[in-house]
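Encoded as structure tokens, the structure appears first; notes follow it.
Numbering (the working numbering), first residue to last: 97 to 304.
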């Protein structure tokens with residue numbers, strides 16, 4: 097029996113995932129988690145073959161969950177599940193050790209295939225998806241002195257998200273988001289949102 101962990105803070109999403117996964121008689125959802133910390137604890141306790149982890153969760157993002165799981169001697173493959181279809185988020189997932197990055201809008205069509213790939217220890221991507229998982233596998237972030245979190249905040253600012261909106265997406269406090277934003281602006285030597293937009297466009301994080 098193949099063991100699967102579902103981590104998402106929305107009951108309806110977890111229920112939907114269980115319904116899709118139940119199509120395979122030899123798969124079992126052995127644990128569910130409603131935040132990042134619980135997801136890591138559940139992975140350690142149940143040692144699932146695959147963990148389906150929402151990117152935006154309280155206490156710890158899905159990317160951070162993937163990174164923590166990689167720190168333990170677990171054979172768990174991680175699929176990052178998100179409503180935010182972005183090449184930078186896919187890049188963050190790869191860097192953290194996840195092997196698949198799937199938009200929630202694609203779940204009904206590709207979730208079973210993605211889990212099948214991970215069970216065979218193969219990465220999964222959708223070539224037509226805007227996540228561009230294959231492309232970012234060979235193209236890491238530009239060397240600009242920004243930390244991965246600062247760069248992600250800069251991208252989201254450039255896409256028009258407010259500090260509060262970014263905090264919700266990344267599972268951070270508004271104060272922490274503001275600190276990352278300020279650090280990115282300082283390192284890039286820009287003093288306005290327009291400066292962050294120009295930077296993000298120049299390095300290919302957004303399209304204008």
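Ideal Cβ positions, reconstructed from N, Cα and C, are used throughout, including at glycine. A quick note: this is a predicted structure, and the numbers were derived from the prediction, not measured.
DSSP lists 123 as the bridge partner or partners of residue 98.
With fewer than three CB-CB distances shorter than 8 Å, the region 249-257 does not count as touching the region 198-216. The three-state reading of DSSP puts residue 212 in helix, counting H, G and I together. DSSP places residue 167 in the uninterrupted alpha helix (DSSP H) bounded by 158-167. Counted as a single uninterrupted DSSP element, the stretch harbouring residue 296 is not any beta strand (DSSP E) but the alpha helix (DSSP H) occupying residues 289-298. Secondary-structure assignment with DSSP links residue 178 through a beta bridge to 199. Nearest to residue 133 by C-alpha distance, out of 126, 176, 160, 145, is 160. Under the criterion of beta carbons closer than 8 Å, residue 185 and residue 148 do not qualify as touching, at roughly 16 Å. Rounded to whole angstroms, the separation of the alpha carbons of residue 190 and residue 270 is 26 Å. Secondary structure at residue 103: strand, using DSSP grouped into helix, strand and coil. Between the C-alpha atoms of residue 171 and residue 286 there is a straight-line separation of about 43 Å. Its chain contains 253 as the residues whose beta carbon lies nearer than 7 Å to that of residue 289, once the 5 sequence neighbours on both sides are disregarded; these appear in chain order.
Ranked by Cα distance from residue 127, the first of 213, 100, 119 is 100.
Counting along the chain, residue 149 sits inside the beta strand (DSSP E) bounded by residues 146-150.
For residue 133, the enclosing alpha helix (DSSP H) has its first and last residue at 132-142. Rounded to the nearest whole angstrom, the CA to CA distance from residue 292 to residue 217 is 38 Å. In the DSSP assignment, residue 281 falls within the unbroken alpha helix (DSSP H) covering 270-284.
In terms of Cα proximity to residue 156, the closest of 274, 265, 283 is 265. Cβ-Cβ distances below 6 Å link residue 259 to 270, 273, 274 in the same chain, with the five nearest sequence neighbours on each side left out; the list follows chain order. Just so you know, the alpha carbons of residue 246 and residue 281 end up roughly 9 Å apart.
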